[in-house]
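Chemist:
Residue numbers (the numbering used here), protein chains in the order written: chain A, 1 to 290; chain B, 1001 to 1512.
1) Going by beta carbon distance, what residues of the same chain come within less than 6 angstroms of residue 1163 of chain B, once the five residues before and after it are set aside?
2) Tell me which residue opens and which closes the beta strand (DSSP E) that residue 1156 of chain B is part of.
3) Who are the Cβ neighbours of residue 1362 of chain B in its own chain at under 6 angstroms, not counting the five residues just before and after it?
4) Under 7 angstroms, CB to CB, which of the residues in the stretch 1069-1102 of chain B have a partner in chain A?
5) Once the 5 residues before and after residue 1140 of chain B are set aside, which same chain residues still bring their CB inside 7 angstroms of it?
6) Return the Cβ separation of residue 1401 of chain B and residue 1455 of chain B in integer angstroms, given the expectation that the two are a contact with Cβ distance under 8 angstroms.
7) Per the DSSP calculation, residue 232 of chain A is bridged to which residue(s)?
8) Less than 8 angstroms between CB atoms is the rule here; does residue 57 of chain A satisfy it with respect to chain B?
9) Is it true that the CB of residue 1358 of chain B sits closer than 8 angstroms to the CB of residue 1212 of chain B?
10) So what's residue 105 of chain A in DSSP terms, helix, strand or just coil?
11) Suppose contacts are defined by Cβ-Cβ distances below 8 angstroms. Is residue 39 of chain A in contact with residue 96 of chain A by that definition?
12) Going along chain A, which residues have a C-beta under 8 angstroms from residue 1202 of chain B?
13) Residue 292 of chain A to residue 125 of chain A, Cα distance in whole Å?
14) Which class does residue 1288 of chain B belong to by DSSP, given the choice of helix, strand or coil?
15) With distances taken Cα to Cα, identify the nearest neighbour of residue 242 of chain A among A:259, A:285, A:195, A:227.
16) Ordered along the chain, which non-local residues of its own chain (more than five positions away) have a Cβ less than 7 angstroms from that of residue 1473 of chain B?
17) Alpha helix (DSSP H) containing residue 144 of chain A: first to last residue?
18) For residue 91 of chain A, which residues in chain B fall below 8 angstroms Cβ to Cβ?
19) Runs of 3 residues minimum, wholly inside the stretch 1286-1372 of chain B: which ones carry the beta strand (DSSP E) assignment?
20) Measuring alpha carbon to alpha carbon, tell me which of A:50, A:33, A:179 ends up nearest residue 1360 of chain B.
21) Sorted by chain position, which residues of the same chain lie with C-beta nearer than 6 angstroms to residue 158 of chain A's C-beta, five sequence neighbours on each side aside?
22) Given a limit of 7 angstroms on CB to CB distance, which residues of the stretch 1472-1483 of chain B reach chain A?
23) Going by alpha carbons, who is nearest to residue 1399 of chain B out of B:1098, B:1448, B:1437?
24) Taking 8 angstroms as the cut-off, does the stretch 1364-1372 of chain B touch the stretch 1415-1428 of chain B (at least 3 CB pairs, one atom from each stretch)?
25) Please report the straight-line C-alpha distance between residue 1346 of chain B and residue 92 of chain A, rounded to a whole angstrom.
26) Can you give me, in chain order, the residues of the stretch 1358-1370 of chain B that have a beta carbon less than 7 angstroms from any beta carbon in chain A?
27) When we look at the beta-carbon of residue 302 of chain A and count the other beta-carbons within 10 Å, is it buried (16 or more) or exposed?
28) Residue 48 of chain A CB to nearest chain B CB: under 8 angstroms?
29) Would you give the residue range spanned by the beta strand (DSSP E) that residue 85 of chain A belongs to?
30) In whole angstroms, what is the alpha-carbon distance linking residue 1463 of chain B and residue 1207 of chain B?
31) In the DSSP assignment, find the unbroken alpha helix (DSSP H) run with residue 1500 of chain B in it and report its ends.
32) Can you name the residues of chain A whose CB is closer than 7 angstroms to the CB of residue 1465 of chain B?
33) Quick check on residue 1030 of chain B: does DSSP put it in helix, strand or coil?
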């Protein structure tokens, strides 16, 4: 198993090319082909009020995307990666999902614009993609910006595969995420496993859970070490999202790998989804495995 | 650069007009009465004055404000209204990219050109008029459109449809039948994609989409206030829900003729194309999101309810609104929200659902409703207002049918309807409060409102800009690869050939 084919969906925001360049790290995990996709949002060319469809505008936007993609394709070609470019008109999420099925890609990569402190939520397109994708989605955050006191600082996530944090609650989705590690073989060097125990438990239950987690995480670490990977684990008590993000910062992990249950929009809004919240708030790329 | 110069010139012209208007009325108000809304009318019949005095005693004096302003306003106070409607007509033709990105600013510009001098001159009376039109007309209008658009967007017809002449005619017939109950926009959005899918292997598709616009996006909506926005505006102004059934004969006549012509044309082209019978795998037809029809029924019931019960009034910013109207609007919003909650996103994705069209309508109509205030007030003043020559010239029902229709072809039909509805009220019952005038018009001269209603709905099909769903259908068809005629091509090859003869026949049969 390997990540041989990825779908890279882009809006040509700043740093998109840098994000694509960073993806080349996956070459060590077997990456052979990148499908470059740009979706022109229908509203940009259709539904001109009392007009109709801007065919010429569509062709102009397609041409712009084509020119940009040609440059990217040439660059990827020089790096030994095949690249196919597609420019479509429509709603981005359904088009990305349909293209992922059509091309049978291993991972969908969606770029994320640099994050400002006030931008607390991932755009709704990204949320839709995470909720509906049947394939792994890498929420790629090439640049992360935050505030330290009154000073804003930004971090570039140029490496994302070397050190991966895997959050597990022993659920089926979490097991899938653990299984996905095999696909990263070659690019991956270190794994940090995280398990968060609820702070609402009584003392005995808490001790039991922590003890059981220690045993299971220790066994997993041994398994990874036997496969030639560096591995450690962390057991935390508290709220899952906050604890996972804290360990990300403390361990200097490059990426978070999690399983996702794919809760619907309303359910996710009502009940919350740990994986989607982590994808929103994490300073490093997050790979969600459905 | 030329566009910029044009825009700047228009701004200067309009602000110049606005300032001169403000200055003129500042002088007038300093000489005469300080409270425009309470000036004594110079004209008006003795009967009207007596009736108004009687109504004032019953607490309906606030309606007087409309008439007073209408008698004072000059005709050129309608320039912003003409400006916004001409912008809607001309920008998509000559500067579509500019229009696509800046239509909201254009609408806001015309609204401000009217609002600033209007409020400066008439102060409280102007604020009252502005609040009145937004609270009693604009918001209910947009809420209805939004709810129908949202609910209809949750219904998706999946499966294999084969575009034979008979199937196409049946689809057009079904869509036309639905249009009066789910709105022309809702029915058009529901049917256009299955219709295009069914005919994707056909060579000649342009005429099909044009007939789709005629029937589903326009004429099919003539039966109820839910069908077409002008009729809902009539409903908001006191026309009973089922009153519009009076134009059923006109509608059936036009639909019958158009469907027959369509079938013959489609049969001719079907044979000419030598279409082979469909042999591919057939996906069974499935109506996804069918439960949205229940929400649709909820919308119909809510609108009906608001016309039948009387639960009293409340004042919002000093504007009286009936409780049943507020309850209706609340139910409409609820139906839309429930549709959004229970309909899986895959269904809306199948429909390629987008909020863009309804947002555009909301922005543009915010401007239209503002700028139409002087026109409505002048027309309501009847022969006492600045539009007296027009009121006197338009006499017969046929005149109303054609003038409402002709303007509805090139301007949006909803404000056009309201303009001539108000004009008819002004012609027969100048000075009477609107609720009483509407009742009298329906009782004594119903044929005039029949002509205005039919004219506004039917003629909306004449151009791409006559009715909102026309441009949505055109946009979807072009995106799907169906070549559509240009603005003038549509008029000369389709409207003048198929619709105008039909409307002449309607005139001869029903208004002669």
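We put the beta carbon where it would ideally sit given N, CA and C, even for glycine.
Modeler: If we stick to the structure as given:
1) Here residue 1163 of chain B corresponds to residue number 163 of the second chain, with the count starting at 1. Closer than 6 angstroms at the Cβ level, and outside the excluded window around residue 1163 of chain B, lie 1198, 1199, 1202.
2) Residue numbering aside, residue 1156 of chain B sits at position 156 when the second chain is read from its first letter. For residue 1156 of chain B, the uninterrupted beta strand (DSSP E) segment begins and ends at 1156-1158.
3) Residue numbering aside, residue 1362 of chain B sits at position 362 when the second chain is read from its first letter. Here residue 1362 of chain B has 1142 as same chain residues with Cβ atoms under 6 angstroms from its own Cβ, once five neighbours each way along the sequence are excluded.
4) 1088, 1092, 1096, 1097, 1099, 1100
5) By one-based count along the second chain, residue 1140 of chain B stands at place 140. For residue 1140 of chain B, the CB contacts under 7 angstroms within the same chain, skipping 5 residues up- and downstream, are 1236, 1325, 1329 in chain order.
6) In the second chain, the residue the question calls residue 1401 of chain B occupies position 401. In the second chain, the residue the question calls residue 1455 of chain B occupies position 455. Confirmed, Cβ separation roughly 4 angstroms.
7) Indexing the first chain from 1 puts residue 232 of chain A at position 232. DSSP lists A:192 as partners of residue 232 of chain A.
8) The residue you call residue 57 of chain A lines up with position 57 of the first chain. True, the Cβ-Cβ gap to chain B drops below 8 angstroms.
9) Here the question's residue 1212 of chain B lines up with position 212 in the second chain. Here the question's residue 1358 of chain B lines up with position 358 in the second chain. Against a cut-off of 8 angstroms, the Cβ pair of residue 1358 of chain B and residue 1212 of chain B comes out as no contact.
10) What you label residue 105 of chain A is simply residue 105 of the first chain in a count that begins at 1. Coil.
11) The residue labelled residue 39 of chain A in the question sits at position 39 within the first chain. The residue labelled residue 96 of chain A in the question sits at position 96 within the first chain. Contact flag set, yes.
12) Reading the second chain from its first residue, position 202 is the one you call residue 1202 of chain B. What residue 1202 of chain B touches in chain A: nothing, since even the nearest Cβ is about 20 angstroms away.
13) Residue 292 of chain A is absent from the model: chain A starts at 1 and stops at 290.
14) Counted from its first residue, the second chain places residue 1288 of chain B at position 288. Correct three-state label for residue 1288 of chain B: strand.
15) Taking the first chain and counting its residues from 1, the one referred to as residue 242 of chain A is at position 242. Taking only the C-alpha atoms, the option nearest residue 242 of chain A is A:195.
16) On the second chain, position 473 is the one that residue 1473 of chain B refers to. The residues are 1188, 1192, 1209, 1212, 1213, 1217.
17) In the first chain, the residue the question calls residue 144 of chain A occupies position 144. Where residue 144 of chain A is concerned, there is no enclosing alpha helix (DSSP H), although the beta strand (DSSP E) it sits in stretches over 143-148.
18) For the purposes of this step, residue 91 of chain A is taken as the residue at position 91 of the first chain. What residue 91 of chain A touches in chain B: 1349, 1352, 1354.
19) 1286-1288, 1313-1316, 1319-1322
20) Position 360 of the second chain, counted from the first residue, corresponds to residue 1360 of chain B. Considering only alpha carbons, the answer is A:50.
21) Here residue 158 of chain A is taken as the residue at index 158 of the first chain, counted from 1. The residues are 22.
22) 1472, 1474, 1475, 1478, 1479
23) The residue given as residue 1399 of chain B occupies position 399 in the second chain. Ranking B:1098, B:1448, B:1437 by Cα distance to residue 1399 of chain B puts B:1448 first.
24) yes
25) As a working mapping, residue 1346 of chain B is identified with position 346 in the second chain. As a working mapping, residue 92 of chain A is identified with position 92 in the first chain. Taking the straight line joining both Cα atoms gives about 13 angstroms.
26) 1360, 1364
27) Absent from the model: residue 302 of chain A. The displayed extent of chain A is 1 to 290, so no value can be given.
28) As a working note, residue 48 of chain A is residue 48 in the first chain. With 8 angstroms as the cut-off, residue 48 of chain A counts as an interface residue toward chain B.
29) Translated into the one-based positions of the first chain, residue 85 of chain A becomes position 85. For residue 85 of chain A, the uninterrupted beta strand (DSSP E) run begins and ends at 82-90, by DSSP.
30) Taking the first residue of the second chain as 1, we reach residue 1463 of chain B at position 463. Taking the first residue of the second chain as 1, we reach residue 1207 of chain B at position 207. In this structure, the straight-line span from the alpha carbon of residue 1463 of chain B to that of residue 1207 of chain B is close to 14 angstroms.
31) Walking along the second chain from the start, residue 1500 of chain B turns up at place 500. First-last of the alpha helix (DSSP H) with residue 1500 of chain B: 1500-1510.
32) As a working mapping, residue 1465 of chain B is identified with position 465 in the second chain. Within chain A, the residues near residue 1465 of chain B are 50.
33) Start at 1 with the first residue of the second chain, and residue 1030 of chain B comes out as number 30. Note on residue 1030 of chain B: pLDDT 38, under 50, position unreliable in the model; no value is reported.
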